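Protein chains in written order, with numbering that gives the first Met the number 0: chain A, 0 to 290; chain B, 0 to 317. Built from N, CA and C at the ideal position, the CB exists for glycine as well. The model shown is predicted, which means the values in this text are computed figures rather than measured ones. First the structure, in the form of structure tokens, and then the observations on it.
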Amino acid sequence: MKDKANWFDVLLYLFLGLFAISIVFAFEHLLSLSFSPSYVATKGGFHLLPVDATLDNYQKVLESKYIWMGYKNTLIRTIFGTVLQLTVTSMGAYALSKRFFPHRSAWTFMIVFTMFFSGGLIPTYILIVNLGLMNSYAAMILPGLVSAFNLVIMRNYFMSLPEEIEESCMIDGAGRFRIFFQIVLPLSKPILATVALWLAVGHWNSWFDVLIYITDDKLFTLQIVLRRIIITGTQQMVDLNVSSEVMNQMQASPEGVKAAAIFVATLPILAVYPFIQKYFVKGIMIGSLKG
Amino acid sequence: MQLRESSLHKKGLRRFISDFRLYKKHWALAVLLLPTIIYFVIFKYIPISGLAMAFKDYKIGLGIWASPWVGLDNFSFAFSTATFTRAFTNTVIISFLKILTGFPAPIILALLLNEVRHMKYKRTIQTISYLPHFLSWVIVAGLFSQLLSPTTGVVNYVLKTYFGLDKPIYFLGSNDWFRGTLIVTDIWKDVGWGSILYIASIAGIDPSMYEAAVCDGANRFQRLRYITLPSLMPTITIMLILRVGNVMVAGFDQIFNLYNPAVYKTADIIDTFVYRYGIGQMKYSLSTAVGLFQNLIGFVMVVGMNFVANKINDSGIW
């Protein structure tokens, strides 16, 4: 099946290489700016390496208490959100994976229907206001507690587990809860890990819920602090819930500081990305099964 | 669908009611399901009932149910404004432009990667191409607003220095360029991730077909044209149909983080419209009506496209 390498291969390798470089370069350029004094960014140009390397930008970013608060809040919502979501979703998915469960298809329909039709932004917002959840971690976790998509995927996985294991446990006298927590969940580690990763990345990157439900600076997450830092200037006039204190501190951040802030916030993802990437790829294949 | 209908038929209702006795037998499972059901009722079905706001003149003091009914006034008012019409047109145009470019892009990437014979090179390109998918649009928008800046951005610098462009291009600030920028950044962020599915489908093609083709003297392009592409067609069809069903999804996260008042003319979509008028100006009833309108079109499109998918090759999602 070996053809000789020809001009097509050269073009192919070149094109794909350029595409990859466009991604790497975007980060590399920004990384250089983050280590350069602000005049370098203002002058413009093409930088693969920092000019007059300095840590000033990072010092400024790390001095901001909002970055640290953002980290704290992001970690809290990511950890608690992921654990709670995974627990509730897997419990529901397990119940619906049992063919003998009464009204199973009606319950499933009720859940799946919300994937295609929802109340939308404003009614949900009014609900959160009426429930008194504004300015709370609950507002970041509860509105997206169970995703219909994840539930269906987990349900399908549970259905693929052999029934005999559970039956033999039943004969040995184990109850449903015990079977679920001590037998089914440990057997489902692959799907739990995949969904947990999706949920964790989702929480880490989530910003819109904070933008609309949180007005208290102390609860701002990393993404929102970052948004204030890098998008103020173009966006501030149309933006809402802008706390004036944050605004004054962050206004007109020099390009170098913006670049440093992007890296401070992205570093955890860049650091774990090479190791978790393959689980996501596996996950997308599980997810593409027909529900 | 067929099964469900026949089971509900005739004796169905009586059985449906008698099934309630089974909850006692399976109480433990019911307990496990309960939090999920409570969640869906509170956070999904109460907002759906809240859509009544679209037909009312919602007053914060009165609440949704005590506010007066106004029939279709909110809709007719929205339809009469130029801002809504513009948002609707922009949503459809941006979405179609994205289908036209962003849909084939991952297929092409997968086909190209399939031709790479050095596994290390292939894997490196793949790993790099997935990366932007894991970053939020806040970060990607921050990245591009720096790279594309007319004064300090590296893209304009390169265009000026190496291509002799006199005036900088306002990629994010001009109505001529904004949609193009949306398309390119959209592809940049998600093409790698989108290609995974196609790469997996290609890996599933029976290698004996290629071996036979080689025996018959087919070259690489002929193998691509007569084996790989036809084998991918079912996947491509279903993905295209689903994508067209989501035509009302034009990319809120991306546009909201990249746009500014200077480009509302070409960039303001229904989602950003609902956000600005609803959360921003507290015109709750108006923006709920607009949201409901978008929701209904989206729903009809998804259901319709799924019907088409089932008709073509039984590949619908339900």
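Item checked: Where the alpha helix (DSSP H) containing VAL39/A begins and where it ends -> 37-42
Next item on the list: Please say whether GLN222/A and SER135/B have beta carbons closer to each other than 8 Å?
Entry: yes
Next item on the list: Tell me, to the nearest whole angstrom, how far the beta carbon of LEU144/A is from that of VAL60/A; I am working on the premise that it is less than 8 Å.
Entry: That belief does not hold up - the Cβ atoms of LEU144/A and VAL60/A are roughly 33 Å apart, past 8 Å.
Notebook entry, point to check: Would ILE75/A pass as a contact of TYR12/A if the rule is Cβ separation under 8 Å?
Noted result: no
Notebook entry, point to check: Would you say SER128/B reaches chain A, if we count a Cβ-Cβ gap shorter than 8 Å as a contact?
Noted result: yes
Margin query: I'd like to know if GLY290/B contacts chain A, where contact means its C-beta is closer than 8 Å to some C-beta of that chain.
Written below: yes
Margin query: Check whether chain A comes within 8 Å of VAL307/B, counting only Cβ atoms and requiring the distance to be less than that.
Written below: no
Check: Excluding the five sequence neighbours on either side, which residues of its own chain have a C-beta within less than 6 Å of the C-beta of GLY297/B, listed in chain order?
Finding: Apart from the 5 residues on each side of it in sequence, GLY297/B sits with its Cβ closer than 6 Å to the Cβ of MET247 in its chain, given in chain order.
Next item on the list: For VAL69/B, decide whether its Cβ has a neighbour in chain A, counting only Cβ atoms nearer than 8 Å.
Entry: no
Item checked: C-alpha distance - GLY44/A paired with TYR156/B, whole-angstrom precision -> Taking the CA atoms as reference points, GLY44/A sits about 6 Å from TYR156/B.
Next item on the list: State the Cα-Cα distance for the pair PRO273/A and VAL280/A, rounded to the nearest angstrom.
Entry: Using only the alpha carbons, I get a separation of about 12 Å.
Checklist line | Against chain B: residues of the region 21-50 of chain A by CB proximity under 9 Å | finding: SER21, ILE22, VAL23, PHE24, ALA25, PHE26, HIS28, LEU29, LEU32, ALA40, THR41, LYS42, GLY43, GLY44, PHE45 and HIS46
Item checked: Residues of the region 171-199 of chain A whose Cβ lies closer than 8 Å to any Cβ of chain B, in chain order -> GLY174, ARG175, PHE176 and PHE179
Margin query: Given a cut-off of 8 Å on the beta-carbon distance, is the pair GLY174/A and LEU32/B in contact?
Written below: Taking the C-beta atoms as reference points, LEU32/B is found no nearer than 8 Å to GLY174/A.
Checklist line | Inter-residue spacing [alpha-carbon to alpha-carbon] between MET246/A and TYR57/A | finding: Low local confidence applies: a pLDDT of 45 at MET246/A is under 50, so the model's placement there is unreliable, with the coordinate-based value given in what follows. If I take the Cα positions, the gap works out to 19 Å.
Item checked: Contacting positions in the region 48-77 of chain A - beta carbon closer than 8 Å to chain B -> none
Note to self: Less than 8 Å between the C-beta atoms of PRO131/B and VAL139/B, yes or no?
What the structure shows: yes
Note to self: Bridge partners for LYS55/B per DSSP, in chain order?
What the structure shows: TRP68/B
Check: Expressed to the nearest angstrom, what Euclidean distance is found between the alpha-carbon atoms of PHE255/B and ILE92/B?
Finding: 16 Å
Check: Which residues of chain A have a Cβ atom closer than 8 Å to the Cβ of VAL115/B, listed in chain order?
Finding: LEU11, TYR12 and LEU15
Check: Thinking just about the alpha-carbon of each residue, which of PHE220/B, ASP56/B, HIS117/B and TRP64/B is nearest to the one in SER48/B?
Finding: TRP64/B
Next item on the list: Counting only the same chain and skipping the five closest in sequence on each side, list residues whose C-beta sits under 6 Å from that of ALA104/B.
Entry: ILE186 and VAL190
Note to self: Classify LEU95/A: buried if its beta carbon has 16 or more other beta carbons within 10 angstroms, exposed otherwise.
What the structure shows: buried
Check: What span of residues does the alpha helix (DSSP H) with ALA27/B cover, start to end?
Finding: 26-39
Item checked: Residues, ordered as in the chain, of the region 111-126 of chain A that lie near chain B by beta-carbon distance below 7 Å -> THR113, PHE115, PHE116, SER117, GLY118, GLY119, LEU120, ILE121, PRO122, THR123, TYR124, ILE125 and LEU126
Margin query: Restricting to Cα atoms, I'd like to know which of PRO267/A, VAL256/A and VAL263/A is closest to SER37/A.
Written below: VAL256/A
Next item on the list: May I have the straight-line CA-CA distance separating MET281/B from PHE102/B, to the nearest angstrom?
Entry: MET281/B and PHE102/B have their alpha carbons spaced roughly 36 Å apart.
Note to self: Please confirm whether ASN204/A has its beta-carbon closer than 8 Å to some beta-carbon of chain B.
What the structure shows: Yes, its Cβ sits closer than 8 Å to a Cβ of chain B.
Notebook entry, point to check: Whose C-beta lies closer than 8 Å to the C-beta of VAL115/B among residues of the same chain, with five residues either side of it excluded?
Noted result: LYS121 and ILE124
Next item on the list: Please classify VAL248/B: does DSSP put it in a helix, a strand, or coil?
Entry: Here VAL248/B carries a coil assignment [DSSP, helix/strand/coil].
Checklist line | Beta-carbon proximity check, PHE170/B vs LEU147/B, cutoff 8 Å | finding: yes
Margin query: Using beta carbons (cut-off 8 Å, strictly below), is SER135/B in contact with chain A?
Written below: yes
Note to self: Cutting at 7 Å between CB atoms, please list the residues of its own chain near PHE219/A, excluding the five before and the five after it.
What the structure shows: TYR65, MET68, GLY69, ASN72, VAL209 and ILE213
Notebook entry, point to check: How is ASN155/B classed by DSSP in three states: helix, strand or coil?
Noted result: helix
Notebook entry, point to check: Under a three-way DSSP split, which group does ASN134/A fall into?
Noted result: Correct three-state label for ASN134/A: coil.
Note to self: Along the chain, where does the alpha helix (DSSP H) containing ILE268/B start, and where does it finish?
What the structure shows: Looking at the DSSP string, ILE268/B is not in any alpha helix (DSSP H), and its letter there is neither H nor E.
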